[in-house]
Amino acid sequence: MNKKFSTLLMGGLLLAGAASAQTPAPIERTAAETTVEPSAKYYYQIINGNDGVSGYALQATTHNGKDSVKVVDVAALYTQLSNANAEKAISALEVLDSTLWAFTPNGSENLGYYSIENKATGKKLQFAKEGNAIMASGLNAWFIEVSNATYNDVQLKSYVINADGSKSYYTIESGTTRSQVEEVKIVKANAASNYKLVRPADIYMNAAQLNAAGDGNSFKLAIEDLADTENPFVKTALKAYDLSPLGSGSQKNVCLQVVGGKILKADENKYTGEAKYNKNVFVVVDTTMYDAKGGVDVNGTDAFGYKFASDSAKVNTSGAVSGGVQAPGRHVDNYRFAIYKDVTVVEGDQLIIKALGTPEYDKNATASQFTGTPKVSYVSWAGFAAKGDELTTARIKNNQYVYELPIITLAAGAKADITPGVYFLKDVTTANAPVYAYANMSLSSPWTPSYAEASKKDMKNDLLSRTQYVVTGSNGKYSIVNRESGDEIAKYSGRIYVDGDNFVKGGTKFVLEAVPAEVAADNHVGYKFFSKEEVGNVAVSLLFNSGIGNAYIYRPDATKAALGIKNVDAADAQWFKIEPVDTVEFGVDMERAAYILKSQFENKYLSANGTVGNVTDLTFVANKKDASPVVFRSTGVAGQYQIIFTDDQEATPATYAEKMYDQLSVLATEAKFNKLAVDDANGAVNGYWTIETPAAPDYLTIEDAPAHKRIFSSENSSLAISMNAKKVGILKSEADTDAEYIKDQFSMWIDTACVEDVTKPLYYISTCAGLDSAARADGYKMYMMPSTFAPVNGVNVAKVNFVDGYVFGADSLAISTYKADGSFDKMKEYKEMAKNPAAFAFQMTPAEGEYIVENIATKSYLRQVNGVLYLTENYADALTFGIEAVDTPTANKDVEVSSVTVIAGEGQVTIAGAAGKKVVVSNILGQVVANTVITSDNAPIAAPQGVVVVAVEGEEAVKAIVK
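For what it's worth, the working numbering labels the leading residue of the sequence shown as 11, then goes sequentially.
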């Protein structure tokens with residue numbers, strides 16, 4: 011029989027403390043014990059105080075997500091342990107564990123220091139440095155130095171060896187006034203705080219605490235070495251009920267119902283089926299005793315102790331045993347037990363079960379011989395050598411208990427173990443179950459959203475934060491909060507247990523289904539959130555979709571402010587630019603944005619009037635302050651939204667961005683705007699909105715780039731891009747130019763700038779005109795790019811200039827900058843293509859061979875005014891251009907040295923004019939894909955799709971785009 015750490019008192023061992031003449035001293039430890047030499051077998055509190063039951067104990071906790079130490083009021087904690095509020099009493103047990111620390115000596119070297127580890131968290135007491143109480147690797151070897159032997163006061167010190175060989179020590183300092191993390195500090199020398207190492211008294215466990223150890227409604231016991239599986243303490247689960255305190259000492263106690271137990275009624279013949287049974291069955295101290303030799307003694311002459319049994323009892327409305335005499339020889343006190351937990355045993359918490367109603371045998375009684383006042387005893391081993399272990403009550407001899415305590419523990423319970431995260435919640439108890447929980451939003455004055463919990467079968471949706479729940483907590487206790495409303499749902503939060511495949515809280519069963527990781531990481535779920543790129547670049551139109559047709563918001567008369575709703579072509583819809591007003595935090599770390607809608611090409615803003623339920627007018631207003639901000643709230647279908655106004659024009663938009671008022675709808679039968687109340691329960695919405703964007707344009711790939719090209723106006727092919735003497739971009743014909751300009755200065759050198767996106771290749775447009783031969787030999791060219799943008803008639807435009815510079819690296823560009831007096835200043839490098847002002851793309855148009863020249867960095871488009879080139883942010887003002895090949899211009903001949911031609915094709919490049927030369931073809935990463943000697947003047951070489959670099963022996967390497 012293995013009884014580790016059991017208390018062996020067979021034969022009678024006098025317990026410390028004075029015993030009364032009637033009742034021996036209790037076995038449970040009723041007082042805290044202090045020590046200066048902690049045992050590795052037990053946990054201790056580290057208390058800054060005058061005794062072991064007051065002051066402030068060090069507690070392991072977390073602060074801002076980091077393991078930390080704070081202090082806990084010990085007296086308040088012990089008060090909470092017996093709190094009538096069940097949840098507070100249960101939580102106090104968990105807090106108690108977080109104040110307990112195991113002291114492990116350094117080992118066989120016996121150097122005198124300890125490693126200190128928390129019971130609840132398993133974290134070591136260690137600190138990286140002096141200062142706050144954040145625990146981290148560093149100071150972790152603790153010496154216990156007695157500061158006052160009379161009161162068992164100690165200080166905890168950790169030493170470090172300095173560079174000069176001297177020692178310094180650090181101590182833990184804590185306050186004794188409030189439970190704040192900031193009150194615990196690590197200080198160097200000058201220790202002020204004295205601590206007591208306290209082994210707490212055994213903790214009485216009330217019914218709620220016992221049941222919480224199981225499934226919240228019952229618990230199970232485990233008794234080491236007990237062979238009798240029919241013993242009522244272990245046969246089934248037990249449900250504890252609190253009973254009234256007993257005796258002058260107000261001994262707290264519980265009765266233990268046998269879950270599932272049933273006993274035939276004495277008058278069973280009157281009933282049928284389950285009605286024959288009394289199901290109010292409880293553990294009881296029986297009147298049957300063991301004799302000292304192991305036999306059953308029925309007359310008490312040689313009694314060793316009483317057996318334990320299960321029996322029916324009278325109960326009150328709560329289900330607890332009530333009344334006095336339950337049956338002849340069976341008193342209510344026979345059902346009373348007090349269960350104590352020793353929380354300090356490192357190998358695991360152990361229980362002591364105190365039987366408050368051990369029968370008193372009176373052999374001279376004429377009726378029942380068990381009529382004496384019941385006595386107090388404990389569950390003990392009988393220890394019969396011939397029979398094996400049996401549980402019985404401890405004997406009393408010479409006013410002492412004779413006992414051997416079994417190792418009793420709480421069996422592993424059904425407490426939930428949930429990984430904190432974001433989940434869908436499926437209720438399997440509610441009517442029409444299973445249904446998914448969600449938060450139903452409605453709006454009324456003061457127009458901040460309000461929510462009510464609801465449930466539907468189809469409310470599991472990656473796009474709706476209101477259908478998602480954030481779960482936090484540990485050790486069976488969890489908070490479940492709706493992700494959109496931010497409300498904790500009491501129905502599901504608290505002590506949660508497992509029942510098969512379900513979680514259980516109270517009488518509610520539910521299932522948690524993990525939200526996809528990418529959805530859980532997105533804090534904009536449920537609302538449209540435009541990225542910075544979209545805000546800056548995208549224009550949108552708004553399409554209302556209903557059962558009888560679709561219609562765009564459009565502008566019937568471009569000279570008037572009024573907007574309408576009509577089934578028009580997308581090209582005739584009103585296009586808006588999106589401007590963010592503010593971002594609003596809501597729910598659990600969620601964020602939504604409010605936007606105003608600006609006319610794409612005018613400084614005019616959408617505004618709405620009218621009230622809920624009325625026909626509404628949408629107009630453009632000139633003052634941004636008068637705009638009506640909106641949020642786009644998902645309907646739960648990808649790309650479908652409610653448009654909800656966030657401002658009633660009573661204040662600036664930013665002030666009201668956190669509020670929502672009403673949603674924009676359409677009277678489809680009348681083609682008029684309408685406002686509706688926002689209520690998730692309202693299914694009478696006429697339709698939904700989609701946010702339409704233009705189809706992504708196609709872009710030209712210049713197959714033979716780098717090459718000389720003439721870029722001419724599609725409207726007048728005689729006009730082409732060139733540079734005047736002031737290095738300004740112009741659109742002129744040869745006949746209109748000054749004598750100093752000749753034909754070849756209308757030829758531009760187009761070179762690849764970036765082809766990482768093969769669907770949108772970027773190019774540099776340059777010329778060597780205006781550069782001397784030395785500059786050209788050094789690789790300089792004049793690159794086309796915008797000057798400074800400024801508003802003209804409400805639209806930002808910039809004149810086009812040509813600036814000298816050179817390409818370096820893969821495709822980076824260095825541009826000359828000049829001082830105010832025109833003298834050279836420095837070279838400015840552009841390594842990020844998105845910010846490179848000289849990068850252009852040729853956007854295709856419906857007309858074959860006509861292109862819009864788009865500047866990438868500024869999101870602007872090439873146009874001309876009176877022969878001068880500008881870049882405009884207004885797409886509608888863009889000019890279309892054609893491109894044609896030309897001969898090498900005179901100004902560029904110094905850099906045009908090759909007679910070799912590289913032609914890109916489908917899955918290959920063709921090398922012309924390179925017979926007998928070595929050719930190396932590599933991809934954009936520099937990996938060689940071909941290395942060969944050309945044997946003909948027209949040799950195809952297989953190459954992968956995308957950009958390749960072709961290096962011909964004796965020639966400058968060129969890039970090509972393989973399809």
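Each residue gets a CB set at the ideal place from its N, CA and C atoms; glycine is no exception.
How many whole angstroms separate the CB atoms of residue i and residue j, which I take to be in contact at a CB cut-off of 8 Å?
| i | j | result |
| --- | --- | --- |
| ASN344 | PRO369 | 7 Å |
| VAL438 | LYS467 | Contact doesn't hold; Cβ gap of about 12 Å is too wide. |
| ASN811 | GLY739 | 7 Å |
| VAL293 | PRO242 | 5 Å |
| ILE196 | TYR214 | With a Cβ gap of about 36 Å, ILE196 and TYR214 do not count as contacting. |
| THR626 | LYS669 | With 8 Å as the limit, THR626 and LYS669 do not qualify as a contact, their Cβ atoms being about 18 Å apart. |
| GLY496 | GLY597 | 4 Å |
| ILE866 | ASN846 | 7 Å |
| PRO416 | VAL386 | PRO416 to VAL386, Cβ: 18 Å. No contact. |
| ASP582 | VAL529 | About 37 Å; that fails the 8 Å criterion. |
Grab me the residues of residue i's own chain with a C-beta within less than 8 Å of its C-beta, minus the 5 sequence neighbours each way, in chain order.
| i | result |
| --- | --- |
| GLN918 | PRO950, ILE951, ALA952, ALA953 and VAL972 |
| LEU87 | ALA67, ALA102, VAL105, LEU106 and THR109 |
| ALA681 | ALA561, GLY574, ILE575 and LYS576 |
| GLY956 | VAL765, VAL768, ASN933, ILE934, ILE971 and VAL972 |
| ASP163 | VAL156, SER157, ASN204, TYR205 and LYS206 |
| LEU453 | PRO459, SER460, MET670, TYR671, ASP672, ALA687, VAL688 and ASP689 |
Indicate the three-state DSSP secondary structure (helix, strand or coil) for residue i in the structure shown.
| i | result |
| --- | --- |
| MET792 | strand |
| GLU750 | Bear in mind that the predicted position of GLU750 carries a pLDDT of just 47, short of 50, making it too unreliable to give a figure here. |
| PHE852 | strand |
| MET843 | helix |
| ILE100 | helix |
| LYS737 | coil |
| THR920 | strand |
| SER783 | helix |
| ALA530 | helix |
| ARG476 | helix |
| TYR281 | coil |
| THR942 | strand |
| THR72 | strand |
| TYR180 | strand |
Who are the near neighbours of residue i in its chain, counting only those whose CB is closer than 7 Å to its CB and skipping five residues on each side?
| i | result |
| --- | --- |
| GLN219 | ALA99, ILE100 and LEU103 |
| VAL269 | SER228, THR246, ALA247, LEU248 and LYS249 |
| ALA715 | ILE760, ASP761, THR762 and TYR773 |
| ALA222 | ILE100 and ARG505 |
| ASN803 | none |
| GLN261 | PRO255, ALA348 and LEU366 |
| ILE171 | LYS177 |
DSSP has residue i in a bridge; who is on the other side?
| i | result |
| --- | --- |
| TYR773 | THR762 and PHE850 |
| ARG6 | Nothing can be reported for residue 6, as the shown portion of the chain is limited to 11 through 973. |
| GLY315 | TYR300 |
| LYS515 | THR518 |
| MET670 | Looking at the DSSP assignment, MET670 forms no beta bridge with any residue, so it has no partner. |
| ILE951 | VAL919 |
| ARG720 | GLU894 |
| LEU207 | THR45 and ILE56 |
| TRP111 | TYR54 and ASN128 |
How should residue i be labelled, buried or exposed, when 16 other C-beta atoms within 10 angstroms of its C-beta is the threshold for buried?
| i | result |
| --- | --- |
| GLN937 | exposed |
| GLY132 | exposed |
| ILE490 | buried |
| ALA784 | exposed |
| GLU357 | exposed |
| PHE318 | buried |
| ASP835 | exposed |
| ILE558 | exposed |
| ILE721 | buried |
Apart from the five residues on each side of it in sequence, which residues of its chain come closer than 6 Å, Cβ to Cβ, to residue i?
| i | result |
| --- | --- |
| LEU23 | Only weak support is given to the placement of LEU23: the predicted model assigns it a pLDDT of 29, under 50, and the question is left unresolved by the model. |
| TYR615 | ILE606, LYS608, VAL631, LYS634 and ALA637 |
| GLN478 | VAL432, ARG493 and VAL525 |
| ASN613 | GLY804 |
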